[in-house]
Structure formats: C-alpha cells, structure tokens
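J.: Numbering (full-length UniProt numbering), first residue to last: 1 to 108. Ideal Cβ positions, reconstructed from N, Cα and C, are used throughout, including at glycine. Owing to the predicted nature of the structure, the values given are computational and were not obtained by experimental measurement.
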C-alpha cells in the first residue's frame with residue numbers, strides 16, 4: 001500500500017466514524033430539508049428515544065455538523081440546523097442513497 005492509499009483509508013475511516021450511529025444520517029437528512037426543533041425531529045424519526053436523540057445531536061454538534069440555537073422564549077425554543085460542513089456532505093448522501101437503490105437489495 002502506498003502512502004496516499006494509507007492516508008485515504010485513514011481519512012475514510014475517520015469520516016465513517018464521525019457519521020456512524022444508528023440515527024445520525026437520518027437526523028442529518030431531515031436537517032438538510034430544513035431547520036427542525038427537537039420535538040419535530042423526535043416525531044419524524046419513529047423509534048428514537050429522547051435520550052438517544054439528545055446524544056446523537058450532541059455528537060453531531062461536537063463534530064461541527066449541526067448547530068443548536070436557543071431562543072430566550074417561554075417555553076424555551078431550540079432550533080437545530082446543518083452547518084456548511086454538513087451541507088458539503090449532501091452529494092455524498094445522495095450518492096449513497098443512489099448506490100443503495102441500485103445495489104443494496106439482497107441478491108442484487
């Protein structure tokens with residue numbers, strides 16, 4: 001393996017590690033559509049618990065993929081949105097969806 005292949009392999013491993021998590025891609029896909037509030041995300045993702053959604057959003061925020069904006073209102077309002085870093089993943093997400101549609105089914 002040449003040095004460039006090794007570097008690419010490590011970069012891909014780090015990228016997949018950042019995006020891994022049962023719900024992260026689904027959360028990101030929803031946030032690519034528009035800004036969401038916590039409750040909207042929870043309703044849009046069947047089966048996700050409040051605890052897991054909180055954990056996944058915190059990880060995405062720590063990785064610089066999601067912003068969390070708190071508004072001083074009663075009741076408090078919190079909006080979640082994608083960062084420019086995350087929007088740069090859109091072509092990759094589209095390509096993965098296309099790949100899965102073509103090759104993801106068992107027996108294909």
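1) Let's see if you can read the secondary structure: which residues bound the alpha helix (DSSP H) around residue 72?
2) Identify every residue that forms a DSSP beta bridge with residue 118.
3) Specify whether the segment 89-100 and the segment 15-31 touch according to this definition: at least 3 beta carbon pairs, one from each stretch, less than 8 Å apart.
4) With a threshold of 16 other CB atoms inside 10 Å of the CB of residue 1, please say whether the residue is buried or exposed.
5) Helix, strand or coil for residue 34, going by three-state DSSP, please let me know.
6) Which same chain residues end up closer than 8 Å to residue 53 when comparing Cβ atoms and leaving out the 5 residues on each side of it in sequence?
7) Taking the alpha helix (DSSP H) that residue 98 belongs to, which residues open and close that run?
8) For residue 63 and residue 10, I'd like the C-alpha separation in whole angstroms.
9) For residue 77, list the residues DSSP reports as bridge partners.
10) Excluding the 5 residues preceding and the 5 following residue 110 in the sequence, name in chain order all residues of the same chain whose CB lies nearer than 6 Å to its CB.
T.: Taking the definition as stated:
1) One-based indexing of the chain shown puts residue 72 at position 72. Here residue 72 belongs to no alpha helix (DSSP H), and DSSP marks it neither H nor E.
2) The question about residue 118 has no answer, for the chain in this structure spans 1 to 108.
3) yes
4) Here residue 1 refers to the residue found at position 1 when the chain shown is read from its first residue. Here residue 1 scores only 47 on pLDDT, less than 50, and its place in the model is too uncertain to base an answer on.
5) For the purposes of this step, residue 34 is taken as the residue at position 34 of the chain shown. DSSP places residue 34 in coil when its eight states are reduced to three.
6) In the chain shown, the residue the question calls residue 53 occupies position 53. Excluding residues within five positions, the ones whose Cβ falls inside 8 Å are 23, 27, 38, 41, 42 and 45.
7) Taking the first residue of the chain shown as 1, we reach residue 98 at position 98. Residues 90-103.
8) Mapped onto the chain shown, residue 63 falls at position 63. Mapped onto the chain shown, residue 10 falls at position 10. Rounded to whole angstroms, residue 63 to residue 10 spans 17 Å at the Cα level.
9) What you label residue 77 is simply residue 77 of the chain shown in a count that begins at 1. Note: residue 77 sits in a beta bridge opposite 71.
10) Nothing can be reported for residue 110, as the shown portion of the chain is limited to 1 through 108.
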